[in-house]
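Participant:
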Amino acid sequence: MIESHLPAYIALTFVLFSVLIPAFGLWRSELSHPIAVLGGGIAAGFSLFGFIDVINDGSIRYFFGGWEPPVGIEFVYDGLSAFFVLVINAVAFFVLIHSHHISKREFPGKEMPYYSLAMLMMLGFNGMIMTGDLFNLYVFLEIASLAGYALIAIGDRPAPYAAFRYLIIGTAGGTLYLLGVGFMYTVTGTLNIIDMAAMLPMLYESNAVFAALILMIVGIGVKAALFPMHGWLPDSYTYASSSSTALIAPIGTKVAAYILFRIILWLFGIEITDAVAPISYFVGVLACIGILYGSIMAIAQSEMKRMLAYSSISQIGYIIMGLSLANPWGFAGALLHVLNHAIMKACLFMISGQLRLKEGHSDISRFDDGYRKKYPWTMTYFTIAAISMIGLPPLAGFFSKWYLALGTIDNSNWLFLAVILISSLLNAVYFFRVLEKVYMMDPSKGQKEPTDAKRDEASASMLWPTGILALSLIVIGFANAVIVGVLLDIFPM
Amino acid sequence: MKIMLDFFLGHYAYWFVIILLCIGAYGILFKKNLIKKTIGLAVLQISVVLYFVSIASKWDATVTVMDPDIPLDQVANYLNPLPHTLMLTAIVVGVATLGVAFTLLIAIYNRYETLDEEELIDKIQ
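Quick mapping for you: the protein sequence lines, in order, are chains A and B. The numbering of the first sequence is the working numbering, which starts it at 1134 and goes up by one. The numbering of the second sequence is the working numbering, which starts it at 13 and goes up by one.
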């Protein structure tokens, strides 16, 4: 009985807790963090339960008010959406636990609105993933974006300007998406994704469908930070407070990538996408440019958060490249990379937040070899996540790149394969730079051991979430065959 | 010539939408003042709202309330209400976006005392 209502429960949990947090937070401000963690935990539990249920019993379609589509609206909880909901809710749960001390330090007295907005943003993201209706997708996109702009504006001095730029670019993208939805509505007369997908083969090579596809890819590409539309991302992630970045960075661009998956593979299907022009190849080339651009720019940064932000642009490129390959290996690699990158990026941004809390900065050029004495566990987790980002076996990052590479070989697409290999080397450059600072002795200081460094590890509420995420990278690495087996079943063709 | 003219006049609502879309995009891309950028954004959103409104408008058709004189087999005589109702939501979203945008502008002005983009970038660096 509970299963058939599960999609609605996940969304309702976030609505309920976004209201509960102000209700209790006005009474006792310190209650807002535990309530937010509770909300995130309940939602993560529901998503885990739902994912297992979908794997065993097939997808769930929840009709609101019992009205069947195309008249009514619905939540579609199939393999793809169950997977994404599980990934984002699980990561958000750990990030919410971790944000306790950072929120007290970076924006004291504003915890209550912060957590309430975080819940609203998660509602938007979950809604975007689960909805089966293109217009509702737009509404959820705007809910998530508006909450996201506010979360980014909490932070350093230039944060409101970064958030404003994101708002202008992001809303323009959302508006273009809406125009694309309008085109699709005029030619099909429906907004339901499943219903529309059934009609589209009749509109093969239609100009309106082609224009709508371009508008949707551009609009959602802004949110996903696909290469030429990435301009908002580095500033936003750098200036936003550490806990906001750790929440938005692993989740936001993934959800946009999910919409591209849904639109290109489910709604249009790869044949209609490529009917007029080779759109999927073009998107793949943009993703490749983004991969190389993000990696090269990341090498040039000395601020750790900015380096990680550019690395995000590069990593989202892998996911979209896997989508553009449109074969089972590329698809499985891209989805596995969604999971891996969400965990790795959350872990790395949480560590940058820990360092900011302890040291007051996260400037790589000022890191020294005392860090491994002061923060032995933090640096261990950083090393695991960094090595996974580079893609060394047996960590999780290796396997997603491996399956992506298999996908490129399957399509005989040697350009994309070369990009994956070159980018792995570039990743190694910018992460080993940090590891070198932390683990190698500084030759200019001579042979003496750093004596002033005492052990000063971050508190347990920050270490445990980072540690669990880092360890899960190893677990995913070993369990990759099982996960990929599940993901290959999701592939629509 | 006549066909051309009919094409332009017959689609005049869409030409307005295109013009508005271009004005909005111009405001976003080229205006240096952040308030003007926000106005450009509002114009861009409204152009899409007008597009949805115009695709559902129809001459000699009535509102979507069952009329005994128009039986249901002549359903083309009723307007399609869905695009208009969708736009109610889209307008609300647009208003909320403007609210957030102006809140951010107030925060920017309080911190840097300017809303000119070039001055702002100078002050941030």
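Every residue, glycine too, gets a C-beta built ideally from N, C-alpha and C.
Smallest Cα separation from residue 1167 of chain A: which of A:1552, A:1609 and A:1150?
Facilitator: The candidate whose alpha carbon is nearest that of residue 1167 of chain A is A:1150.
Participant: What is the rounded straight-line gap between the Cα of residue 85 of chain B and the Cα of residue 74 of chain B?
Facilitator: Rounded to whole angstroms, residue 85 of chain B to residue 74 of chain B spans 15 Å at the Cα level.
Participant: Under a three-way DSSP split, which group does residue 1707 of chain A fall into?
Facilitator: Shown here, chain A extends from 1134 to 1626; a query on residue 1707 of chain A therefore has no answer.
Participant: Taking the straight line between their C-alpha atoms, what separation do you get for residue 1089 of chain A and residue 1284 of chain A?
Facilitator: The requested residue 1089 of chain A does not occur in the structure, where chain A is confined to residues 1134 to 1626.
Participant: For residue 33 of chain B and residue 40 of chain B, I'd like the C-alpha separation in whole angstroms.
Facilitator: Approximately 11 Å between the Cα atoms of the pair.
Participant: State yes or no: is the beta carbon of residue 1516 of chain A nearer than 8 Å to at least one beta carbon in chain B?
Facilitator: It does not; no Cβ of chain B falls within 8 Å.
Participant: Residue 1462 of chain A: which of A:1299, A:1540, A:1315 and A:1339 sits nearest, CA to CA?
Facilitator: When only C-alpha atoms are compared, the closest one is A:1540.
Participant: State the start and end residues of the unbroken beta strand (DSSP E) segment that holds residue 42 of chain B.
Facilitator: No beta strand (DSSP E) holds residue 42 of chain B; the alpha helix (DSSP H) holding it covers 24-42.
Participant: Taking a cut of 7 Å between CB atoms, which residues from the stretch 59-71 of chain B lie near chain A?
Facilitator: Residues passing the 7 Å Cβ filter: 60, 63, 64 and 67.
Participant: Closest to residue 1480 of chain A by CA distance: which of A:1146, A:1251, A:1223 and A:1565 is it?
Facilitator: Selected option, being the one with the closest Cα: A:1223.
Participant: Can you check which of these residues, A:1353, A:1494 and A:1246, is closest to residue 1273 of chain A by C-alpha distance?
Facilitator: Among A:1353, A:1494 and A:1246, the Cα nearest to that of residue 1273 of chain A is on A:1353.
Participant: Just mark residue 70 of chain B as buried or exposed, buried being the case when its beta carbon has 16 or more other beta carbons within 10 Å.
Facilitator: Flag for residue 70 of chain B reads exposed.
Participant: Is the shortest distance between the beta-carbon of residue 1275 of chain A and the beta-carbons of chain B less than 8 Å?
Facilitator: Yes, because at least one Cβ of chain B sits closer than 8 Å to the Cβ of residue 1275 of chain A.
Participant: Use the C-beta contact count for residue 1545 of chain A: other C-beta atoms within 10 angstroms, 16 or more gives buried, fewer gives exposed.
Facilitator: Its Cβ having fewer than 16 others within 10 Å, residue 1545 of chain A is exposed.
Participant: Going by DSSP in three states, residue 1410 of chain A sits in which element: helix, strand or coil?
Facilitator: In this structure, residue 1410 of chain A counts as coil in the three-state DSSP scheme.
Participant: Measure from the C-beta of residue 49 of chain B to each C-beta in chain A and report whether the shortest distance is under 8 Å.
Facilitator: Yes, because at least one Cβ of chain A sits closer than 8 Å to the Cβ of residue 49 of chain B.
Participant: According to DSSP, is residue 1288 of chain A part of a helix, a strand, or is it coil?
Facilitator: In the structure shown, residue 1288 of chain A sits in a strand (DSSP, three-state: E or B).
Participant: If you draw a straight line from the alpha carbon of residue 99 of chain B to that of residue 65 of chain B, how long is it in whole angstroms?
Facilitator: Their backbone Cα atoms lie some 7 Å apart in a straight line.
Participant: Starting from residue 1384 of chain A, follow the alpha helix (DSSP H) in both directions and report where the run begins and ends.
Facilitator: It spans 1375-1394 - the alpha helix (DSSP H) in which residue 1384 of chain A sits, taken as one unbroken run.
Participant: Which first and last residues belong to the alpha helix (DSSP H) in which residue 1207 of chain A is found?
Facilitator: Residue 1207 of chain A -> not in any alpha helix (DSSP H); beta strand (DSSP E) instead, spanning 1207-1210.
Participant: Where do the N-terminal and C-terminal ends of the beta strand (DSSP E) with residue 82 of chain B fall, by residue?
Facilitator: No beta strand (DSSP E) holds residue 82 of chain B; DSSP gives it neither H nor E.
Participant: Does the stretch 1207-1220 of chain A come close enough to the stretch 1138-1146 of chain A to have 3 or more Cβ pairs within less than 8 Å?
Facilitator: With the cut-off at 8 Å, the stretch 1207-1220 of chain A and the stretch 1138-1146 of chain A touch.
Participant: Suppose the cutoff is 6 Å on Cβ atoms and the five residues either side in sequence are ignored; what does the same chain contact list for residue 1276 of chain A look like?
Facilitator: Closer than 6 Å at Cβ, skipping near neighbours: 1257.
Participant: Indicate whether at least one CB of chain B lies closer than 8 Å to the CB of residue 1290 of chain A.
Facilitator: Judged by the 8 Å Cβ criterion, residue 1290 of chain A is in contact with chain B.
Participant: What runs of the alpha helix (DSSP H), each 4 residues or longer, lie entirely inside the stretch 61-126 of chain B?
Facilitator: Listed in chain order, they are 94-124.
Participant: Report yes if the C-beta distance between residue 1512 of chain A and residue 1571 of chain A is below 8 Å; otherwise report no.
Facilitator: Going by C-beta atoms, residue 1512 of chain A is nearer than 8 Å to residue 1571 of chain A.
Participant: Determine, using beta carbons only, whether residue 1537 of chain A and residue 1553 of chain A come nearer to each other than 8 Å.
Facilitator: Yes, the Cβ-Cβ distance between residue 1537 of chain A and residue 1553 of chain A is below 8 Å.
Participant: Here's the rule I'm using: 16 or more other beta-carbon atoms within 10 Å means buried, otherwise exposed. How should residue 79 of chain B be labelled?
Facilitator: Answer is exposed; the Cβ neighbour count stays below 16.
Participant: Can you give the Cα-Cα distance for residue 1449 of chain A and residue 1526 of chain A, rounded to whole angstroms?
Facilitator: Roughly 21 Å separates the two Cα atoms.
Participant: With contact counted as at least three CB pairs below 8 Å, one residue from each stretch, are the stretch 1372-1388 of chain A and the stretch 1334-1345 of chain A in contact?
Facilitator: Touching, no.
Participant: Do you know whose CA, among A:1423, A:1434 and A:1454, lies nearest residue 1447 of chain A's CA?
Facilitator: If we check each option's Cα against that of residue 1447 of chain A, A:1423 comes out closest.
Participant: Assuming residue 1559 of chain A and residue 1476 of chain A form a contact by the criterion Cβ under 8 Å, report the distance between their Cβ atoms to the nearest whole angstrom.
Facilitator: Rounded, the Cβ-Cβ distance is 21 Å, inconsistent with contact.
Participant: How would you list, in chain order, the residues of chain B whose beta-carbon sits under 8 Å from the beta-carbon of residue 1196 of chain A?
Facilitator: The contacting residues do not exist; residue 1196 of chain A stays about 18 Å from chain B at best.
Participant: Chain B beta carbons: is any one of them nearer than 8 Å to that of residue 1451 of chain A?
Facilitator: For residue 1451 of chain A, the answer is no, since every Cβ of chain B falls outside 8 Å of its Cβ.
Participant: Would you identify the three-state DSSP class for residue 1264 of chain A, choosing helix, strand or coil?
Facilitator: Strand at residue 1264 of chain A.
Participant: What whole-angstrom Cβ distance do residue 1310 of chain A and residue 1349 of chain A have, given they're in contact under 8 Å?
Facilitator: Yes, residue 1310 of chain A and residue 1349 of chain A are in contact; Cβ-Cβ is about 5 Å, under 8 Å.
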